[in-house]
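Peer 1: Using the numbering used here, the letters of the sequence shown map in sequence onto residues 3 to 588. All C-beta atoms, glycine included, are put in the ideal place defined by N, C-alpha and C. Please read these numbers as outputs of a predicted model, since none were measured by experiment. Okay, handing you the structure first.
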Amino acid sequence: MALDGGFLRHLKKEIEEKLGGARVDKIYQPSREELVLALRTRESAWKLLLSARANSARVHFTQVALENPKQPPMLCMLLRKKLLGAKLIGLRQPGLERLLHFDFDTVNELGDHVTLTLTIEIMGRYSNVILTDEQGKIIDSLKRVDAEMSSQRLVLPGLTYQLPPPQDKLCLLTAGIQEVVAAIKNLPGDMSLSKALLTVLQGVSPVVCRELEHRVGRGADLYIKEMDEEQYFRTGFFTQKLKETLETASGVPSMAVDRQKKPMDFSFFEIQQYGTAAVVSKEESFSTLLDRFYSERDQLERMRVREQDLLRLLSNASDRLSRKINLQRAELSQCAQRDVLRVAGDLINANLYAMEKGAESVELANFYDEGKPMLIALDPALSPAQNAQKYYKEYRKAKTAEEKLTEQIELARKELEYLDTVLDALSRAATAQDLAEIRAELGAEGYVRIDRRRKEKPVLAGAPMKFETSDGLTVLVGRNNRQNDKLTLKTARNGDVWFHTKNIPGSHTVLVTNGKEPSQQAMEEAAVLAARYSRAKDSSQVPVDYTQIRNVSKPQGAKPGMVIYVNYKTVFVDPQKELAVKRTGA
């Protein structure tokens, strides 16, 4: 966990500097595992978030607006009773443990000043927020722990609060560097240095231990059995730097973000281990860092959940259509024999004089096939003329079925193509707005149920991505079908050039020419962008059709993003090709 005891020590210092003498103004409980304390000083007001969520336990100032339930939970009402108006008089952190004690001076029912302590324990799924009185008795907690849940440490009202069981590790605030190095040397030789540091030191996360190994080994992996005296000296040197940072709480709030702009890690110790694989930014405060890290991560997680929901819906719809098409094609293959029915009717009509009612079959000369004999089944309850009419009726039925099935198969095929375009857009959705547009599109097409009773603002098609070619022309790229329609049918002008991957789902791409003849370089760059923002983005040679906008039209009743075009040419491009284009908007 990146939010280790060392990071918490820096947060403690930050909170103490900003909340000296602050009083509790409001208390909220936005979710079952989160509390927000609104505190006010003479100069300003702050919102302090205390989260006991298993995957994001933390404490810090927050600027994120959290939605609160209409009816406050019981614990929230208890805290309001006990802590509203209370004055924060101190923060305590035992060593480098991942817990903070907030001491409040408050007034009880008798008017006496008493000290209540609100403790946040940051321990993964065992994280908790606990309120205790002056005698250390538990008043209540976010998560109650009874004997069935734990046999070692109970957290229940009325019991004495106990610190979590201590770990057998060295605390850099009290231990010497040589003591740390000696403890590392006593570990198994096949253990990496980062794991050894994690085993020996209290209150440091894996990212800090990996950072120390990275600096000691100058970027190389190190194992205990392979380390020489110089490397042990460097271990002591950089551990001393870490010790000084912890003692003075003078670290730098650093966050690593990968190339997809997804938050990876954060630390109070400057991160160098990722090299060019990540961008490391320095935030203005530790609270700002946590606010950004978890809000972006939670947003990505919410997007992933919504994306999975849409993906499941689209997959089910595609599977259903595929099964429907296969069944209809099987029925269509049976209709291919309809001419045999018409021939049987013709032969019976031509031989009515030689046939009698009651026969179960008859063999007649087929004048359509050089007079070869043809065995025809008959219904003995019908006259020969009625049998002929029966065959004609079955023939007409099969012919009608073939026409309808052909039409239905074509409609289903086009719908399947449309769903493929939505799946492609979903795979490239990068923001919540992108997902909202896709959901609105599916709602308008009847794939997602819309509650008409709820009055919500319609989700409008957003702006397309905007690029600039190496010679200064603008290229617009749609993210989804609604943006594709808007870009191609409304935004683009007749002289602009339209690009799309040939028979492959992808974005509509428009090269804005401003009435001028575009260069070959600009045309190639626009074609590469069209291939890059398509399902064929991982291929090497992708066919891309291009034509002027005036040659592109939308058939009446066509699905979003579906167009037809004429007078086009095709070029093959590599989506992975490095381009001199730069993104300038949206």
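1) Relative to the alpha-carbon of residue 346, which residue among 379, 359 and 384 has its alpha-carbon at the smallest distance?
2) Anyone know if the C-beta pair for residue 543 and residue 574 falls short of 8 Å?
3) Rounded to whole angstroms, what's the CA-CA distance from residue 395 to residue 328? Just pull it up for me.
4) Look at the alpha carbon of residue 504 and the alpha carbon of residue 529, and state the distance between them as a whole number of angstroms.
5) Which complete alpha helix (DSSP H) runs does the region 65-153 hold, if anything under 4 residues is left out?
6) Going by DSSP in three states, residue 610 sits in which element: helix, strand or coil?
7) What does the Cβ neighbour count give for residue 577, buried or exposed, with the cut at 16 atoms within 10 Å?
8) Assuming residue 38 and residue 51 are in contact, meaning their beta carbons sit under 8 Å apart, how far apart are those beta carbons, in whole angstroms?
9) Please give the ranges of any alpha helix (DSSP H) in the region 179-255, keeping only runs that are unbroken, at least 4 residues long and fully inside the region.
10) Are there 16 or more other CB atoms within 10 angstroms of the CB of residue 186, so buried, or fewer, so exposed?
11) Where does the unbroken beta strand (DSSP E) through residue 36 begin, and where does it stop?
12) What are the boundary residues of the beta strand (DSSP E) that residue 365 is part of?
13) Going by C-alpha to C-alpha distance, which of 414, 131 and 98 sits closest to residue 173?
14) Thinking just about the alpha-carbon of each residue, which of 308, 11, 35 and 175 is nearest to the one in residue 435?
15) Go to residue 589, then tell me how far its alpha helix (DSSP H) extends in each direction, as first and last residue.
16) Taking the straight line between their C-alpha atoms, what separation do you get for residue 443 and residue 258?
17) Short check: CB of residue 374 to CB of residue 381, under 8 Å?
18) Going by alpha carbons, who is nearest to residue 563 out of 423, 270 and 100?
19) Taking Cβ to Cβ, would you say residue 125 is nearer than 8 Å to residue 100?
20) So, with DSSP's three-state summary, where would you put residue 6?
21) Between which two residues does the beta strand (DSSP E) harbouring residue 347 extend?
22) Report yes or no: do the region 3-13 and the region 24-44 share at least 3 C-beta pairs separated by less than 8 Å?
23) Which residue comes first and which comes last in the beta strand (DSSP E) that contains residue 392?
24) Quick test of the definition: if touching needs 3 or more C-beta pairs under 8 Å, does the region 209-221 touch the region 150-159?
25) Can you have a look at residue 14 and say buried or exposed, based on whether 16 or more other CB atoms are within 10 angstroms of its CB?
26) Can you check whether the C-beta of residue 146 is within less than 8 Å of a C-beta belonging to chain D?
Peer 2: Here's the rundown:
1) Stepping through the sequence shown from its first residue, residue 346 is reached at position 344. Comparing Cα positions, the closest option is 379.
2) Taking the first residue of the sequence shown as position 1, residue 543 is located at position 541. Taking the first residue of the sequence shown as position 1, residue 574 is located at position 572. For the 8 Å CB-CB criterion, residue 543 and residue 574 form a contact.
3) Within the sequence shown, residue 395 is the residue found at index 393, counting from 1. Within the sequence shown, residue 328 is the residue found at index 326, counting from 1. Approximately 26 Å, taken between the alpha carbons.
4) Along the sequence shown, read from residue 1 onward, the residue named residue 504 stands at position 502. Along the sequence shown, read from residue 1 onward, the residue named residue 529 stands at position 527. The straight-line gap from Cα to Cα measures roughly 11 Å.
5) 76-85
6) This structure cannot settle anything about residue 610, because the visible part of the chain is limited to 3 through 588.
7) Position 575 of the sequence shown, counted from the start, is the residue given in the question as residue 577. Label assigned to residue 577: buried.
8) Counting from 1 along the sequence shown, the entry for residue 38 is found at position 36. Counting from 1 along the sequence shown, the entry for residue 51 is found at position 49. That belief holds up - the Cβ atoms of residue 38 and residue 51 are roughly 6 Å apart, short of 8 Å.
9) 179-187, 195-202, 208-218 and 231-250
10) Position 184 of the sequence shown, counted from the first residue, corresponds to residue 186. Residue 186 is buried by the Cβ-count criterion.
11) Locating residue 36 in the sequence shown gives position 34, where the first residue counts as 1. 36-42 is the extent of the beta strand (DSSP E) around residue 36.
12) Locating residue 365 in the sequence shown gives position 363, counting from the first residue. Counting along the chain, the beta strand (DSSP E) containing residue 365 begins and ends at 363-368.
13) The residue labelled residue 173 in the question sits at position 171 within the sequence shown. Nearest C-alpha to residue 173: 98.
14) Looking up residue 435 in the sequence shown gives position 433. With distances taken between Cα atoms, residue 435 lies closest to 308.
15) Given that the chain is displayed from residue 3 to residue 588, the structure contains no residue 589 and the question cannot be resolved.
16) As a working mapping, residue 443 is identified with position 441 in the sequence shown. As a working mapping, residue 258 is identified with position 256 in the sequence shown. About 35 Å.
17) Locating residue 374 in the sequence shown gives position 372, counting from the first residue. Locating residue 381 in the sequence shown gives position 379, counting from the first residue. No; because the gap between Cβ atoms is not below 8 Å, this pair is not in contact.
18) Along the sequence shown, one-based indexing puts residue 563 at 561. Among 423, 270 and 100, the Cα nearest to that of residue 563 is on 423.
19) Within the sequence shown, residue 125 is the residue found at index 123, counting from 1. Within the sequence shown, residue 100 is the residue found at index 98, counting from 1. Cβ distance < 8 Å, so residue 125 and residue 100 count as in contact.
20) On the sequence shown, position 4 is the one that residue 6 refers to. DSSP places residue 6 in coil when its eight states are reduced to three.
21) One-based indexing of the sequence shown puts residue 347 at position 345. For residue 347, there is no enclosing beta strand (DSSP E); the enclosing alpha helix (DSSP H) covers residues 340-352.
22) no
23) The residue you call residue 392 lines up with position 390 of the sequence shown. Note, residue 392: premise wrong, no beta strand (DSSP E); alpha helix (DSSP H) at 386-429.
24) Touching, no.
25) In the sequence shown, the residue the question calls residue 14 occupies position 12. Buried, by the Cβ-count rule.
26) Any reference to chain D falls outside this structure, which holds one protein chain only.
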